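Participant:
Numbering (my numbering), first residue to last: 5 to 276.
(1) Does DSSP classify residue 226 as helix, strand or coil?
(2) Start and end of the beta strand (DSSP E) containing residue 23?
(3) Please go through the same chain and pick out, in chain order, the residues whose beta-carbon is closer than 6 angstroms to the beta-carbon of residue 180, but skip the five residues on each side of it.
(4) Quick check on this structure: which residue in 6, 185, 240, 157 has the alpha carbon closest to the alpha carbon of residue 102?
(5) Could you tell me if residue 71 is buried or exposed, where buried requires 16 or more neighbouring beta carbons within 10 angstroms of its beta carbon?
(6) Just to check my reading of the structure: residue 157 and residue 170 have Cβ atoms closer than 8 angstroms, yes? What is that Cβ distance to the nearest angstrom?
(7) Which value, in whole angstroms, describes the spacing of the CA atoms of residue 139 and residue 205?
(8) Hey, quick one: how far does the beta strand (DSSP E) through residue 238 stretch, first residue to last?
(9) Count the CB pairs spanning the region 91-101 and the region 215-232 that are closer than 8 angstroms, and state whether there are at least three.
(10) What ranges does the beta strand (DSSP E) occupy inside the region 141-218, keeping only unbroken runs of at least 3 residues that lie completely in it?
(11) Just checking my contact of residue 178 with residue 198 at CB under 8 angstroms: how many whole Å lie between their CB atoms?
(12) Using DSSP with H/G/I as helix, E/B as strand and the rest coil, what is residue 249?
(13) Taking the straight line between their C-alpha atoms, what separation do you get for residue 191 and residue 96?
(14) Can you grab the Cα-Cα spacing for the pair residue 279 / residue 17, in whole Å?
(15) Kindly provide the ranges of any alpha helix (DSSP H) runs that are 4 or more residues long and lie completely inside the region 58-85, ordered along the chain.
(16) Assuming residue 194 contacts residue 122 under a Cβ cut-off of 8 angstroms, what Cβ separation, rounded to an integer in Å, is found between them?
(17) Which word fits residue 152, buried or exposed, when buried means at least 16 other C-beta atoms lie within 10 angstroms of its C-beta?
(18) Rounded to whole angstroms, how far is the Cβ of residue 128 from the Cβ of residue 200, which I believe are closer than 8 angstroms?
(19) How many angstroms separate the CA atom of residue 64 from the CA atom of residue 137?
(20) Taking its Cβ as the centre, do 16 or more other Cβ atoms sit within 10 Å of residue 235, making it buried, or is it exposed?
(21) Ignore the nearest five residues each way along the sequence and tell me which others in residue 202's own chain have a CB closer than 7 angstroms to its CB.
(22) In angstroms with no decimal places, state the Cα-to-Cα distance between residue 239 and residue 223.
(23) Tell me the rounded alpha-carbon separation between residue 272 and residue 219.
(24) So which of 141, 19, 26 has the shortest CA-CA distance to residue 76?
(25) Leaving out five residues before and five after residue 126 in sequence, what residues of the same chain have Cβ atoms less than 6 angstroms from its Cβ?
(26) Would you mind reading off the limits of the beta strand (DSSP E) that contains residue 33?
(27) So residue 269 is in the beta strand (DSSP E); what residue range does that whole segment cover?
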């Protein structure tokens with residue numbers, strides 16, 4: 005039974021912790037860590053099993069754990085993933101957008117090989133990743149179109165320079181078109197799906213992203229168009245936002261739970 009430590013006690017981290025706490029995953033939650041201590045304490049108080057609330061990353065890594073889940077932020081990936089791997093711990097990364105920055109992805113792969121540990125990347129709120137990865141060397145075009153209710157985009161860095169009043173959007177409106185590498189920086193909590201799509205396919209500079217705001221939408225919609233020498237693929241995924249956080253797709257939460265369950269299940273793993 006794996007001994008789990010979770011970095012980040014927001015929507016996904018909390019749902020994972022509660023799922024483990026209910027014995028729905030073959031694992032034991034040992035400790036949690038969040039830079040906002042009140043957030044970590046709140047989660048700990050909601051669990052039946054007593055867990056250690058770490059106040060620093062060093063304290064967290066000193067716990068008796070053998071697997072780490074990052075569910076905090078892209079900044080957390082940049083700050084903590086290297087040290088986690090260097091402590092000979094496997095990690096599941098949720099804030100995948102950080103891996104499109106600079107040489108971080110290659111650096112983490114090199115460290116994981118040196119320490120003989122694994123990095124797991126859940127597919128999040130989209131489907132078709134295995135199919136896309138199988139033809140990645142034959143691809144010529146990958147486009148992701150994400151449509152969400154305007155309130156889902158509140159707080160995104162994109163709006164610091166682009167003075168768009170989300171409350172004044174009354175019809176379907178395109179608010180961004182560009183490359184995946186830019187999209188994950190400007191919308192870090194909204195389009196992590198662009199990152200996993202880029203890593204599976206033709207890369208961060210060649211994956212096109214369109215982001216639409218629709219005030220009538222009650223679901224998050226991701227449309228993926230893939231073209232290449234093999235032919236064409238089209239995927240459309242519609243899912244409800246997480247009940248506790250409209251910025252997070254509910255499917256992303258469920259994907260994280262199933263990925264961790266598969267990792268911890270030593271019997272049959274499908275698609276992992």
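Just so it is clear, CB atoms sit at the ideal spot from N, CA and C, and this is done for glycine as well.
All values reported here derive from a predicted model rather than from experimental measurement.
Facilitator: The relevant details are as follows:
(1) Judged by DSSP in its simplified three-state form, residue 226 adopts strand.
(2) Boundaries around residue 23 are those of the alpha helix (DSSP H), 15-25, since no beta strand (DSSP E) includes it.
(3) Closer than 6 angstroms at Cβ, skipping near neighbours: 215.
(4) The shortest C-alpha separation from residue 102 is found at 185.
(5) Buried, because 16 or more other Cβ atoms sit within 10 Å of the Cβ of residue 71.
(6) Taking the Cβ atoms as the reference, residue 157 lies roughly 6 angstroms from residue 170, within the contact range of under 8 angstroms.
(7) The alpha-carbon atoms of residue 139 and residue 205 are separated by roughly 8 angstroms.
(8) Per DSSP, residue 238 belongs to the beta strand (DSSP E) from 235-243.
(9) No: the two stretches stay apart, fewer than three of their Cβ pairs being nearer than 8 angstroms.
(10) Inside the region 141-218, DSSP marks whole beta strand (DSSP E) runs of 3 or more residues at positions 143-152, 177-183, 211-217, from first to last along the chain.
(11) Between residue 178 and residue 198 the beta-carbon gap is near 15 angstroms, outside 8 angstroms, which marks them as no contact.
(12) Strand at residue 249.
(13) Using only the alpha carbons, I get a separation of about 21 angstroms.
(14) With the chain running from 5 to 276 in the structure shown, residue 279 is simply not present.
(15) Counting whole runs of 4 or more residues, the region 58-85 contains the alpha helix (DSSP H) stretches 61-65.
(16) Contact between residue 194 and residue 122 is absent: CB atoms are separated by about 27 angstroms, not below the 8 angstroms threshold.
(17) Buried: at least 16 other Cβ atoms inside 10 Å.
(18) About 6 angstroms separates the two Cβ atoms, so the contact holds.
(19) Rounded to the nearest angstrom, the two C-alpha atoms are 34 angstroms apart.
(20) By the 10 Å Cβ count, residue 235 comes out exposed.
(21) Within the same chain, residue 202 has close Cβ partners 104, 184, 208, 211.
(22) Each residue's Cα considered, the two are about 16 angstroms apart.
(23) Because residue 272 sits at a pLDDT of 48, beneath the cut-off of 50, its placement in the model cannot be relied upon, and the following sentence gives the value as read from the coordinates. Each residue's alpha carbon lies about 42 angstroms from the other.
(24) Nearest to residue 76 by C-alpha distance, out of 141, 19, 26, is 19.
(25) Excluding sequence neighbours, residue 126 sits near 259, 260, 263.
(26) For residue 33, the enclosing beta strand (DSSP E) starts and ends at 31-37.
(27) Bounds of any beta strand (DSSP E) do not take in residue 269, whose DSSP letter is neither H nor E.
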